[in-house]
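Step one of this worksheet: look at the structure below.
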Ligand code: ADP
Ligand code: MG
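In the working numbering, the protein residues as written are 192 to 590.
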């Protein structure tokens, strides 16, 4: 694994000024933060630096203000939440650099924490403008990146700063990189990947990368329908991208060439209408789907076979639910396989890493997110990592 510096490599930071990039892009409703997971993720890094006596300046983006100030997207809206989670007073600063920040640093005691304004209010952030990077860096002694979720962007505060200041991975970033390394970088074999979700088209690069990396590729969700259709199976009204048949064939051929076994469902749960517990719901063989039916979940026999596959594996990466899990009971396959993965993880026979917005929701719904070895809440960055891409924010931290 490429080497990167962590907080362990910092010397005495007492009185030094730290720029710490965190993820405060928090979901809000009616002016209140509805989920503080991201703040809790970076709390250890922030508190470790503060407790060591650094002056901690927090950098984060919020929403998509497109390079202009917008009071509705000011980070002042999340300061209460940040203070609450950290259990410390946090000073809000309406700027990102310049005199106001310098004055803040002057009055901030060692161990003090300040939250700078939404980095995306400045057009130079998303352009990774060297001039903006320089003005931000001018106030600080070192840079810590604790926002893996923003590391797929080469922006001023996610990438640029790492080139002009001594740069370190924060604890959350470090944990994420170590987990991902165990899953696909240097995993214990055999390795299984579950790829589900709605569409093949959004995960083509993921599939193409994984067939060359893993021993078992388990395809579920709407995208399995596209593969089944490519194999000449009638999928009725199912969500299906018929125009991707040739692409699916290419992926299957590449898998065969590299010794990756692809698992497609052989029984499925179908219904004539997409609603909770529809009366028309039934389980059938994939060859028996009627023209007016749609596939909404992987069937119980296939799930049992997949569980047996996982039992032979030592590592699992999972992105995408196996069925339309938001609507009962089409979460059954996802819940069952996730429960098996959690049990194998608990027994110590499986390293399990999962990520993706809906995947995390599905694992929470199954009540097993805590039992996986690692669950990444980074949506886009996690997917790009599954695609085998180098994340610029991570690359910039490498020594
Ligand atoms: P993630 O956010 O974890 O990357 P995706 O966004 O790719 O996952 O996919 C999740 C969506 O896929 C869910 O909304 C789920 O309802 C949908 N889905 C899964 N299986 C099916 C199916 N058989 N038919 C229609 N939608 C499905
Ligand atoms: Mg999604």
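Where a beta carbon is used, it is the ideal one built from N, C-alpha and C, also for glycine.
Span separating the alpha-carbon of residue i from that of residue j
i: residue 229; j: residue 214; result: 6 Å
i: residue 308; j: residue 323; result: 14 Å
i: residue 488; j: residue 283; result: 47 Å
i: residue 349; j: residue 459; result: 43 Å
i: residue 316; j: residue 517; result: 36 Å
i: residue 494; j: residue 476; result: 13 Å
i: residue 501; j: residue 565; result: 17 Å
i: residue 480; j: residue 567; result: 35 Å
i: residue 426; j: residue 376; result: 36 Å
i: residue 435; j: residue 276; result: 46 Å
i: residue 387; j: residue 331; result: 44 Å
i: residue 238; j: residue 312; result: 26 Å
i: residue 397; j: residue 301; result: 45 Å
i: residue 202; j: residue 193; result: 22 Å
i: residue 454; j: residue 526; result: 18 Å
Whole-Å CB distance - residue i paired with residue j, under 8 Å assumed
i: residue 570; j: residue 392; result: Not confirmed; about 17 Å, so no contact.
i: residue 544; j: residue 363; result: That pair is no contact at about 15 Å.
i: residue 359; j: residue 196; result: 5 Å
i: residue 504; j: residue 383; result: 4 Å
Buried/exposed call for residue i, threshold 16 Cβ in 10 Å
i: residue 367; result: buried
i: residue 449; result: exposed
i: residue 206; result: exposed
i: residue 298; result: exposed
i: residue 380; result: exposed
i: residue 394; result: buried
i: residue 584; result: buried
i: residue 522; result: buried
i: residue 264; result: buried
i: residue 464; result: exposed
i: residue 485; result: buried
i: residue 440; result: exposed
Cβ-heavy atom distance, residue i to the ligand ADP, below 7 Å
i: residue 427; result: no
i: residue 389; result: yes
i: residue 517; result: yes
i: residue 610; result: Outside the displayed range of the chain (192 to 590) lies residue 610, so it cannot be described from this structure.
i: residue 430; result: yes
i: residue 393; result: yes
i: residue 361; result: no
i: residue 511; result: yes
i: residue 336; result: no
i: residue 486; result: yes
i: residue 278; result: no
Whose beta carbon lies closer than 5 Å to any heavy atom of the ligand MG, going through the chain in order?
-> 548, 549
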